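Accompanying notes for the structure given below.
Residue numbers (our numbering): 256 to 402.
Set out below in structure tokens:
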């Protein structure tokens, strides 16, 4: 099986996976993200306790790439400390901007590495990064609460 086909299947699987697509019973922070160029809309809720992301979920609608990206992101950040989650956000954004190309480093992104080639499709980049930028804003809010 070709890598592109494998990556396409991963995106379709995560788009269909509704594990994280719901409102949280308890959320310490909620952040809304919107991509006006294509209409992707996402509300991310996170529950942070003692500096660790205990749970997270999202609601909203959008294309398969935006929804899959949100699912992939939540897979890897739940259970992580805020600082670690922010590092992963920066790693993902670096991958999309082609600033980080070392596949060994990118392995940390788990399934989200499937979105690596989105950087070759400028119209789809905003779809892929919407959830990640929204998470970044939510985590900055959480950090400010701790100070």
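Built from N, CA and C at the ideal position, the CB exists for glycine as well. All figures in this text were calculated on a predicted structure; none of them were measured in a lab.
{"Check": "With the cut-off set at 8 Å, would you say residue 279 and residue 302 are in Cβ contact?", "Outcome": "yes"}
{"Check": "For residue 330, which option in 393, 291, 366 has the closest C-alpha, if you only look at C-alpha atoms?", "Outcome": "366"}
{"Check": "Please report the Cβ distance between residue 323 and residue 269, rounded to the nearest whole angstrom; I am assuming they are in contact, meaning their Cβ atoms lie under 8 Å.", "Outcome": "4 Å"}
{"Check": "Residue range of the alpha helix (DSSP H) that residue 241 falls in?", "Outcome": "Because the chain spans 256 through 402 in this model, residue 241 falls outside it and cannot be assessed."}
{"Check": "What residue from 267, 273, 328, 284 has the CA that sits closest to residue 397's CA?", "Outcome": "284"}
{"Check": "Is residue 369 closer than 8 Å to residue 333 when the C-beta atoms are compared?", "Outcome": "no"}
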